[in-house]
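Undergrad: Heads up: the sequence shown begins at 4 in our numbering, then just goes up one per residue.
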Amino acid sequence: MKWLFRVAVSAVGALVLTAGSAVATAIWLMFAGGSTEGRRLGFFDSVFVEVRQSADGATQLGTGINDPLPLVLAVVVATVFILAVFAVHDSLLERRRHLLAQAE
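#1: How big is the Cα-Cα spacing for R99 and L44?
#2: Could you give the DSSP three-state label for G36: helix, strand or coil?
#3: Quick check on the burial criterion: 16 or more other C-beta atoms within 10 angstroms. Buried or exposed for S13?
#4: Do A17 and V78 have their C-beta atoms closer together than 8 Å?
#5: Less than 8 Å between the C-beta atoms of L64 and V50, yes or no?
#6: Here's a check: name, in chain order, each residue in its chain whose Cβ is nearer than 8 Å to the Cβ of V10, leaving out the five neighbours to either side.
#7: To the nearest angstrom, report how far apart F84 and L95 are at their CA atoms.
Written out as structure tokens, the structure reads:
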């Protein structure tokens, strides 16, 4: 039960981390190119920002997902990394308990 909870916490943490990174990348792309027209890709070409001039002279801004595979891979890698941190933390706590028990 403890590991099921940790997998869920790791997955949610990875989703929040990846979504935050993708949104931050999109915001960065919005302001990095100035007002130049065109399509800019970021976060391993998974998100895009597109700037166009409309016929009436207004600037149109569009954002979206270009390729979801890097986002999915980022979530999986972050989940595995967070689970590995939990496992190392548990083993270090167990080692500490063992050493304290031997010292008594």
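A virtual CB, placed ideally from N, CA and C, is assigned to each residue, including glycine.
TA: Working from what's here:
#1: Within the sequence shown, residue 99 is the residue found at index 96, counting from 1. Within the sequence shown, residue 44 is the residue found at index 41, counting from 1. Rounded to whole angstroms, R99 to L44 spans 47 Å at the Cα level.
#2: Sequence index remark: in the sequence shown, residue 36 carries index 33 (1-based). Note: G36 maps to coil in three-state DSSP.
#3: The count along the sequence shown starts at 1 and reaches residue 13 at position 10. S13 is buried by the Cβ-count criterion.
#4: Position 14 of the sequence shown, counted from the start, is the residue given in the question as residue 17. Position 75 of the sequence shown, counted from the start, is the residue given in the question as residue 78. Cβ distance < 8 Å, so A17 and V78 count as in contact.
#5: For the purposes of this step, residue 64 is identified with residue 61 of the sequence shown, where counting begins at 1. For the purposes of this step, residue 50 is identified with residue 47 of the sequence shown, where counting begins at 1. Taking 8 Å as the Cβ cut-off, L64 and V50 do not qualify as a contacting pair.
#6: Locating residue 10 in the sequence shown gives position 7, where the first residue counts as 1. Cβ neighbours of V10 beyond the five flanking positions: T82, L86.
#7: Position 81 of the sequence shown holds residue 84. Position 92 of the sequence shown holds residue 95. Within the model, the alpha-carbon separation for F84 versus L95 is close to 17 Å.
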